[in-house]
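One structure below.
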Amino acid sequence: MPLQIQTYTLSEGIELSFTDSGVPPGSADYTTVVFLHGGIFNAYQFHKVHAHAHAQNLRTVLLHRRDYAGSTSYSATEIEELEQGSVTFWERLSAQVAQFLEIFIERERIPKLTRKLSSSRETTCSFAATSVKENRGGNGGIAILAWSAGCSTVLSFLGGTQNPLISKELYQLLQQYVGNCILYGQRFILFFKARLTKRHVPKDPTYLCFGYPLPSDNRNYIPWDDLTVSTDELPQLVAEWVSSYYDHPCYDPVTRSLPSTATVNELDGIRLKSDRISISSWTDEELVKGLEGSSAKNETLVFQPSVQKILRQLSEQALFNETSVSNWFPGVGVSYIGGTRSNWMCAWAIIETKRRYLRTLFTGIEKNGRSYNIRKIRFVDMDGLNHVAHWDQTREFMEVIAKEIQLL
457 MPLQIQTYTL
467 SEGIELSFTD
477 SGVPPGSADY
487 TTVVFLHGGI
497 FNAYQFHKVH
507 AHAHAQNLRT
517 VLLHRRDYAG
527 STSYSATEIE
537 ELEQGSVTFW
547 ERLSAQVAQF
557 LEIFIERERI
567 PKLTRKLSSS
577 RETTCSFAAT
587 SVKENRGGNG
597 GIAILAWSAG
607 CSTVLSFLGG
617 TQNPLISKEL
627 YQLLQQYVGN
637 CILYGQRFIL
647 FFKARLTKRH
657 VPKDPTYLCF
667 GYPLPSDNRN
677 YIPWDDLTVS
687 TDELPQLVAE
697 WVSSYYDHPC
707 YDPVTRSLPS
717 TATVNELDGI
727 RLKSDRISIS
737 SWTDEELVKG
747 LEGSSAKNET
757 LVFQPSVQKI
767 LRQLSEQALF
777 NETSVSNWFP
787 GVGVSYIGGT
797 RSNWMCAWAI
807 IETKRRYLRT
817 LFTGIEKNGR
827 SYNIRKIRFV
837 DMDGLNHVAH
847 WDQTREFMEV
857 IAKEIQLL
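All you need for the working numbering is the position in the sequence shown, starting with 1, plus 456.
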């Protein structure tokens with residue numbers, strides 16, 4: 457039975473809509489997982505996780521981001537701030553997530569975090585392939601999970617050191633609850649609407665929420681650069697491309713993962729789609745409920761150089777800057793999960809982040825005789841899964857989430 461859509465009203469009248477799985481029966485130490493969706497795909501795509509949450513001692517909250525179903529659209533001023541690369545836009549967005557969490561904590565009286573958090577002085581880099589059996593989440597608190605384009609919000613939340621829009625009192629409250637942030641399938645933000653709206657997109661844009669530049673020698677297929685595809689055909693092509701299952705030549709069958717040494721051209725990125733496509737299983741009703749192409753038009757602005765610059769700064773502060781990590785949610789670890797059969801951009805994103813993380817650790821050892829005290833990150837390759845594992849293998853996906861909550 458579909459869960460009722462709820463709405464919270466924040467300061468300045470901002471509304472955020474969501475669905476809630478409710479409390480696992482009889483549990484006093486469950487963990488609340490707040491899901492942030494990506495571009496075009498709204499929170500409806502996650503609805504199947506609700507049915508598997510309680511078995512893992514989890515409570516799932518599926519939040520519609522600003523500009524999507526039931527949540528307040530961006531104002532003209534906010535869009536201008538985004539386009540200009542203003543840090544204020546991201547600080548406000550992070551503060552609104554923080555306000556949502558505050559209201560949820562107070563109204564629902566969810567259990568506080570009781571498991572031990574890591575310290576920035578205990579920095580580790582863990583690589584794991586999925587093998588989950590009888591793992592359950594719990595021990596209270598909140599985990600924030602962001603998928604695809606939604607990862608920008610989490611990175612700005614963690615990277616907004618001393619965010620002036622988050623009061624000291626609110627920060628102290630959230631420290632008692634937020635234990636994990638999970639980056640799931642982080643990649644580019646879909647921007648086929650750029651062609652539809654004639655917005656300017658740089659010739660060689662940086663594609664990721666991290667602000668990474670795409671390698672200049674990339675030979676892989678980029679749907680929106682395909683001029684043989686009409687505007688009307690492009691949305692369906694992108695949906696099929698992003699939700700296909702790929703077979704990357706660099707895949708290591710021993711570790712069941714994508715190695716950090718792989719290059720962008722060692723990925724299965726030439727073909728338009730595969731024979732197995734997740735989106736093909738969606739009914740017409742699900743497509744109508746779960747896709748909001750018109751809401752994605754403002755997502756295209758993140759490819760402007762000014763926006764990419766601020767995203768790169770926030771990402772560096774969130775993950776790799778010792779001072780920032782030590783002073784802003786220092787105990788919060790990050791799990792970066794991705795399917796080994798995801799599209800090449802998702803695959804390359806996790807590979808590149810693994811590489812940058814290792815380089816940062818080793819640079820600290822070379823310069824100071826110790827690794828830098830940066831954010832604790834676990835990289836998890838979900839073996840055999842793709843970019844929409846939460847839809848195709850929901851139970852397995854939720855087992856991975858429960859395990860990560862316990863391990864970080």
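Even glycine gets a Cβ: it sits at the ideal position worked out from N, Cα and C.
Inside the segment 499–565, DSSP marks whole beta strand (DSSP E) runs of 3 or more residues at positions 514–519, from first to last along the chain. In the three-state reduction of the DSSP assignment, E471 falls in the strand class. Fully enclosed alpha helix (DSSP H) runs of no fewer than 4 residues occupy 624–631 of the segment 611–637, in order along the chain. The three-state secondary structure of I861, taken from DSSP, is helix. Taking one beta carbon from each stretch, the segment 626–638 and the segment 737–746 have fewer than 3 pairs nearer than 8 Å; the two do not touch.
Per DSSP, I766 is one residue of the alpha helix (DSSP H) stretching across P761 to L775.
Taking one beta carbon from each stretch, the segment 756–768 and the segment 789–802 have fewer than 3 pairs nearer than 8 Å; the two do not touch. For A602, the secondary structure class from DSSP, reduced to helix, strand or coil, is strand.
Straight through space, the alpha carbons of L519 and F785 are spaced by roughly 22 Å.
Cβ contact annotation for Q540 (same chain, cutoff 7 Å, sequence separation greater than five): S762, in chain order.
Rounded to whole angstroms, the separation of the alpha carbons of D837 and Y486 is 25 Å. By the C-beta density criterion, N824 is exposed, having fewer than 16 other C-beta atoms within 10 angstroms. Within its own chain, the residues whose Cβ lies closer than 7 Å to the Cβ of W546, once the five positions on either side in sequence are excluded, are S612, G616, I766 and L770, listed in chain order. L747 carries a strand assignment under DSSP once its states are collapsed to helix, strand and coil. Here T475 is near L459, since their CB atoms are less than 8 Å apart. Under the DSSP definition of a beta bridge, V758 lacks any partner. A distance of 8 Å or more separates the beta carbons of Y627 and A602. Between L714 and I861, the C-beta gap is not smaller than 8 Å, which leaves the two residues out of contact.
Shown here, S699 sits in coil according to DSSP, grouped into three states, outside any helix or strand. Straight-line measurement puts the Cα of D688 at about 43 Å from the Cα of R831.
Apart from the 5 residues on each side of it in sequence, N721 sits with its Cβ closer than 6 Å to the Cβ of R675 in its chain, given in chain order. DSSP places R831 outside both helix and strand once states are collapsed to three, so it counts as coil.
Remark: C-beta atoms of V479 and R515 approach each other more closely than 8 Å.
The C-beta of S473 has 16 or more other C-beta atoms within 10 Å across all chains shown, which makes the residue buried. Taking S483 as the centre and dropping the five residues before and after it, the same chain places the C-beta of N513 closer than 6 Å to its C-beta, in chain order. Our two residues, A507 and G667, have alpha carbons roughly 35 Å apart in a direct line. Secondary structure at G794: strand, using DSSP grouped into helix, strand and coil. Counting only the Cα atoms, C607 lies some 21 Å from E778. Taking 8 Å as the upper bound for CB-CB distance, I566 and T488 are in contact here, some 5 Å apart. In the DSSP assignment, V781 falls within the unbroken alpha helix (DSSP H) covering E778 to N783. In terms of CA proximity to F497, V698 leads the group I726, V698, V790 and H704.
DSSP, reduced to helix, strand and coil, places I821 within a helical segment of the structure shown. Cα atoms of S529 and H843: separation of roughly 26 Å, rounded to the nearest angstrom.
In this structure, the CA atom of K624 is about 16 Å from the CA atom of F556.
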